[in-house]
Amino acid sequence: MARPTTPTPEVRRAYVLGGNRIPFARAGGPYVRASNQDMLTAAIDGLVARYGLQGERIGEVAAGAVLKHSKDFNLTREAVLGSALSAETPAYDVQQACATGLETVVSLSNKIRLGQLESAIAGGVDSTSDAPIAVSNRLRRALLDLSRAKTVGQKLAAVAKIRPKDLAPVAPNTGEPRTHLSMGEHQALTTAQWEITQAAQDEVALASHQRLAAAYDSGFFDDLVTPFRGLTRDANLRADSSLEKLAKLKPAFGLGLDTPATMTAGNSTPLSDGASTVLLGSAEWAAAHDLVPLASLVDAEAGAVDFVHGDDGLLMAPAFAVPRLLARNGLTLDDLDYIEIHEAFAATVLTTLAAWESEEFGRTRLGLDGAFGTVDRAKLNVHGSSLAAGHPFAATGGRIVATISKELHRRKAASGSDAPVRALVSVCAAGGLGLTAILEAA
Amino acid sequence: MTTTVVLPKVPALGGLFARGAGLSLARRVRSGPTVLPDVEYVVRGVRASSDHLTEYQHLLGESASDALPAGFVHVLAFPVATALMVRSDFPLPLVGLVHVANRVTQHRPVLLTDALDVRATATDLRGHRSGTQVDLVTEVSVDGSVAWRGVSTYLARGVRLGGSGDEPATFVPPTPTGRWKLDGDIGRRYAAVSGDRNPIHLSALSAKALGFPRAIAHGMYTASRALADVGAGRGDAFEWSVEFVKPVLLPGTVTVRVAGSSEGFTFAGWDARSGKPHLTGSVTPLR
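Just so you know, the protein sequences line up as chains A and B, in that order.
Numbered according to the working numbering, the first sequence terminates at residue 442, and the numbering increases by one at each position without gaps.
Numbered according to the working numbering, the second sequence terminates at residue 1287, and the numbering increases by one at each position without gaps.
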């Protein structure tokens, strides 16, 4: 008798059903003593409370942190165990630099699309206040040799290798391991290459603060943000910012270049602490839990550039990934209603837009007939982005997905039409990485 | 006819330096020979150790591979050439010799498991605008065919043989792609993996005794960092050339550009404040 064959799974839609995050704090602020596990648990518990998931066995939870202690090898599972979710909820950790949060949404959505999961929680967290401090390589090696030593002679030999300077702790930094330039220094090279002015960057920063403040004032974030440790809004938000104030700030990056330095603390994201989560599910699971699908994840595309040899700027991978993503889906920039480009720096957004508007870049680097296209600024980061909210690295993807999914659903409902409403999400990351995705209103 | 001197193993550089220092002192008293000795030095069956290779790869930022980085082959083989340079009939004093250029041709990868036959000769004694230059040629063969060939050019300042050489090219700092932050102990750390414990690399005090304000980085350390930065794009067979322009004082920061070119890769390391170059070079895959 023939064994039954396993049927090829039908691909179905995966929906964003909601989100929850804690307000983002500045490094050394109110979350200074909170660990990654503390903040991720708080964000999950806020989501549980918001959507009535107490004791619920969720299909899988995936989250991660960029700055991670080695003791946090099971960070997400530990956060789940400390949360109000069922202890039978499985979990796994993801780490893809600043794309971590968006990657958890993409990979969990794909599992739902394939029928492996009915529900999932995607998330991310980062603390620059409680960053892991490591010992130097030489001290670590000596200590490991010492632990393996069997005789007194071997032990003494291991200890004798330790020098006083080896005892100094090593703190993580934003330097790229292969170039030893910081992310800001890398962006400054790209900013100079594309001749982006400080005034243009300050305008992006101001719009980010004004739009985020307006969204808070209108109550948009009331069902997306749960207060934590006395914070009710993102601590970095400056509702009273102005171009005059921004223009007075001194340049922080690109000081050693031939071109004028244009990147300031005002148009660069600050180091931040925070956590975010996104609730995902199938249509059936949503209906069974009386939840309204907000948006579905249509497709995603990762990219990477060779910044090590200067071919492209460190944060330019999305400039290549987005054209591939849209081409695969038969879309152009004009078919998108919202464009979310993570503001690592205001200049990151502007260099990406400049590359897409460049005939030469389109022809020589993207292999198109001409420029890729122009982004209507009215569609760009409509409720503000990382410059105003702050950027706890792995938490940014979840913040963007939850925010824009709610906005997509609102727009579609208000339109009263069946025409698709779409958003593009683009996140650049260390290592020359980028992750991009298309969401469509449900 | 060329005399062949077969050494039982690769000599330790420390002893060679001591011998070279003694000869250099003697040479100040009486002038030395003005032609190169017609001699080749040979060591057969040299093998690398895996721990030594790992130490080297970690220090230089090379990927962990059982193929020996071209700079590591130099570390293994060059002491054979140094043995030739401390002969009493070698015309230039070892102390004060400056490594001004290096060119390596790797015909095929040299593996950790290979038995290496090393052959060193000295050629092309010639005049330079500030002294006399000579090439030390080291060939590394595996199973009878040359896999790696290094030409190290040394300059003896003030030793005049006639001739003037070329003027140095002007350097315009390009757009950087990265930076090397070199700690004060990098000379000692490279000395530990390379065996090259020339006092000019070890400490400010020992470097001062030899006329440098502080310790200086080994030229081959900087050239090998550049080769590591090129990465896998160099392929299995390539030519790696470098000119050492100005020493890197330790501790120090070298701003670098390592980027693709029409031929392969070019690299440069310079002082961002003064705009003066430390080294320039290229890595060209052989097709």
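We treat Cβ as the ideally placed atom computed from N, Cα and C, and that holds for glycine.
Small disclaimer: the values here were computed from a predicted structure and weren't measured.
Cα separation between B/Arg1019 and B/His1052? Within the second sequence, numbered from 1, the residue matching residue 1019 of chain B stands at position 19. Within the second sequence, numbered from 1, the residue matching residue 1052 of chain B stands at position 52. When rounded, the distance between both Cα atoms is 26 Å.
For A/Gly84 and A/Pro392, what's the separation of their Cα atoms in angstroms? Against the first sequence, residue 84 of chain A aligns to sequence position 84. Against the first sequence, residue 392 of chain A aligns to sequence position 392. Per the sequence shown, residue 84 of chain A should be read as Ala rather than Gly. Cα to Cα, the separation comes out at about 24 Å.
Please determine, among A/Ala286, A/Tyr338, A/Ala430, the residue with the shortest C-alpha to C-alpha distance to A/Ala304. Residue mapping note: residue 304 of chain A aligns to position 304 of the first sequence, counting from 1. Checking every option, the nearest Cα to that of A/Ala304 belongs to A/Ala430.
Let's see if you can read the secondary structure: which residues bound the alpha helix (DSSP H) around A/Trp356? The residue given as residue 356 of chain A occupies position 356 in the first sequence. Residues 346-357.
Tell me B/Lys1181's beta-bridge partners as DSSP assigns them. Sequence index remark: in the second sequence, residue 1181 of chain B carries index 181 (1-based). B/Thr1253.
Under 9 Å Cβ-Cβ, which residues of chain A neighbour B/Asp1229? Position 229 of the second sequence, counting from 1, holds the residue named residue 1229 of chain B. Going along chain A in sequence order, the residues near B/Asp1229 (Cβ under 9 Å) are Arg178, Thr179, Val308, His309.
So with Cβ pairs under 8 Å, would you call A/Gly370 a contact of chain B? Start at 1 with the first residue of the first sequence, and residue 370 of chain A comes out as number 370. No, its Cβ sits nowhere closer than 8 Å to a Cβ of chain B.
Just reading off the beta strand (DSSP E) that A/Tyr51 is part of, what are its end residues? Locating residue 51 of chain A in the first sequence gives position 51, where the first residue counts as 1. Run containing A/Tyr51: none in the beta strand (DSSP E); it sits in the alpha helix (DSSP H), 36-51.
Less than 7 Å between the CB of B/Val1258 and some heavy atom of the ligand SAM, yes or no? Although the ligand SAM was asked about, the structure shown includes no ligands whatsoever.
Neighbourhood of A/Asp130 by C-beta, 6 Å cutoff - its chain only, sequence neighbours within 5 removed: Along the first sequence, read from residue 1 onward, the residue named residue 130 of chain A stands at position 130. Within the same chain, A/Asp130 has close Cβ partners Ser35.
Can you pull the chain B residues whose beta carbon is under 9 Å from the beta carbon of A/Gly256, in chain order? As a working mapping, residue 256 of chain A is identified with position 256 in the first sequence. Result: Pro1176, Thr1255, Ala1272, Arg1273.
Sheet register partners of B/Gly1231 (DSSP bridge): Walking along the second sequence from the start, residue 1231 of chain B turns up at place 231. Beta-bridge pairing links B/Gly1231 to no other residue.
How about A/Leu144: is its C-beta nearer than 8 Å to some C-beta of chain B? Within the first sequence, residue 144 of chain A is the residue found at index 144, counting from 1. No - not a single Cβ of chain B is within 8 Å of the one on A/Leu144.
Quick one: measure Cβ to Cβ for B/Glu1239 and B/Thr1284, integer angstroms, because I've assumed they're closer than 8 Å. Residue 1239 of chain B sits at position 239 when you count from the first residue of the second sequence. Residue 1284 of chain B sits at position 284 when you count from the first residue of the second sequence. Between B/Thr1284 and B/Glu1239 the Cβ distance is about 5 Å, and since that is below 8 Å, they are a contact.
Let's test the definition: count the other Cβ atoms within 10 Å of the Cβ of A/Thr89 and tell me whether it reaches 16, buried, or not, exposed. Locating residue 89 of chain A in the first sequence gives position 89, where the first residue counts as 1. It counts as buried.
Continuous beta strand (DSSP E) stretch holding B/Pro1199: start and end: Counting from 1 along the second sequence, the entry for residue 1199 of chain B is found at position 199. From DSSP, B/Pro1199 is part of no beta strand (DSSP E); its letter is neither H nor E.
Consider the Cβ of B/Lys1181: report whether some Cβ of chain A lies at a distance smaller than 8 Å. Locating residue 1181 of chain B in the second sequence gives position 181, counting from the first residue. Chain A contact via Cβ: present.
Selection of the stretch 183-217 of chain A by Cβ proximity to chain B, strictly under 7 Å: Leu189
Quick check on the DSSP output: the alpha helix (DSSP H) that includes A/Pro318 runs from which residue to which? Taking the first sequence and counting its residues from 1, one reaches residue 318 of chain A at position 318. First-last of the alpha helix (DSSP H) with A/Pro318: 317-328.
Under 6 Å Cβ to Cβ from B/Tyr1190, same chain only, skipping five residues before and after it: list those, please. Here residue 1190 of chain B refers to the residue found at position 190 when the second sequence is read from its first residue. Within the same chain, B/Tyr1190 has close Cβ partners His1218, Tyr1221.
What distance in whole Å lies between the Cβ atoms of B/Leu1023 and B/Ser1088, which are believed to be in contact at a cut-off of 8 Å? Here residue 1088 of chain B refers to the residue found at position 88 of the second sequence. Here residue 1023 of chain B refers to the residue found at position 23 of the second sequence. Between B/Leu1023 and B/Ser1088 the Cβ distance is about 6 Å, and since that is below 8 Å, they are a contact.
By DSSP, does A/Asn110 sit in helix, in strand, or in coil? Position 110 of the first sequence holds residue 110 of chain A. Of the three classes helix, strand and coil, the one that applies to A/Asn110 here is helix, per DSSP.
Pairwise C-alpha distance: A/Asp299 and A/Glu10: By one-based count along the first sequence, residue 10 of chain A stands at place 10. By one-based count along the first sequence, residue 299 of chain A stands at place 299. Near 16 Å, if we compare the C-alpha coordinates of A/Asp299 and A/Glu10.
Check whether the Cβ atoms of A/Arg50 and A/Gly101 lie closer than 8 Å to each other. On the first sequence, position 50 is the one that residue 50 of chain A refers to. On the first sequence, position 101 is the one that residue 101 of chain A refers to. Taking 8 Å as the Cβ cut-off, A/Arg50 and A/Gly101 do not qualify as a contacting pair.
Helix or strand or just coil, what does DSSP make of A/Phe220? Counting from 1 along the first sequence, the entry for residue 220 of chain A is found at position 220. In this structure, A/Phe220 counts as helix in the three-state DSSP scheme.
In this structure, how does DSSP classify B/Ile1186 when only helix, strand and coil are distinguished? For this step, residue 1186 of chain B is matched to residue 186 along the second sequence. Three-state DSSP puts B/Ile1186 in a helix.
Roughly how many whole angstroms lie between the Cα atoms of B/Arg1030 and B/Pro1091? Start at 1 with the first residue of the second sequence, and residue 1030 of chain B comes out as number 30. Start at 1 with the first residue of the second sequence, and residue 1091 of chain B comes out as number 91. Low local confidence applies: a pLDDT of 48 at B/Arg1030 is under 50, so the model's placement there is unreliable, with the coordinate-based value given in what follows. Near 12 Å, if we compare the C-alpha coordinates of B/Pro1091 and B/Arg1030.
Indicate whether A/Ser405 and A/Leu294 have their beta-carbon atoms separated by less than 8 Å. Residue 405 of chain A sits at position 405 when you count from the first residue of the first sequence. Residue 294 of chain A sits at position 294 when you count from the first residue of the first sequence. Their beta carbons are under 8 Å apart, which means A/Ser405 touches A/Leu294 by this criterion.
Mind reading off the beta-carbon distance from A/Ala42 to A/Thr191? Whole number of angstroms is fine, and I expect it under 8 Å. As a first step, residue 42 of chain A is located in the first sequence; it is residue number 42 there, counting from the start. As a first step, residue 191 of chain A is located in the first sequence; it is residue number 191 there, counting from the start. Between A/Thr191 and A/Ala42 the Cβ distance is about 36 Å, and since that is not below 8 Å, they are no contact.
With a threshold of 16 other CB atoms inside 10 Å of the CB of A/Ser276, please say whether the residue is buried or exposed. Translated into positions along the first sequence, residue 276 of chain A becomes position 276. Buried, because 16 or more other Cβ atoms sit within 10 Å of the Cβ of A/Ser276.
Compare the C-beta of B/Gly1260 against all C-beta atoms of chain A and say whether one is closer than 8 Å. As a working mapping, residue 1260 of chain B is identified with position 260 in the second sequence. Interface residue, yes.
With A/Phe345 and A/Asn267 assumed to form a contact (beta carbons below 8 Å), what rounded beta-carbon distance in angstroms separates them? Here residue 345 of chain A refers to the residue found at position 345 when the first sequence is read from its first residue. Here residue 267 of chain A refers to the residue found at position 267 when the first sequence is read from its first residue. So it is a contact: roughly 7 Å between Cβ atoms.
Is the distance from the Cβ of A/Leu380 to the Cβ of A/Ile341 below 8 Å? Locating residue 380 of chain A in the first sequence gives position 380, where the first residue counts as 1. Locating residue 341 of chain A in the first sequence gives position 341, where the first residue counts as 1. In this structure, A/Ile341 lies closer than 8 Å to A/Leu380 by Cβ.
Expressed to the nearest angstrom, what Euclidean distance is found between the alpha-carbon atoms of A/Ile58 and A/Gly52? The residue you call residue 58 of chain A lines up with position 58 of the first sequence. The residue you call residue 52 of chain A lines up with position 52 of the first sequence. Computed Cα separation, rounded: 12 Å.
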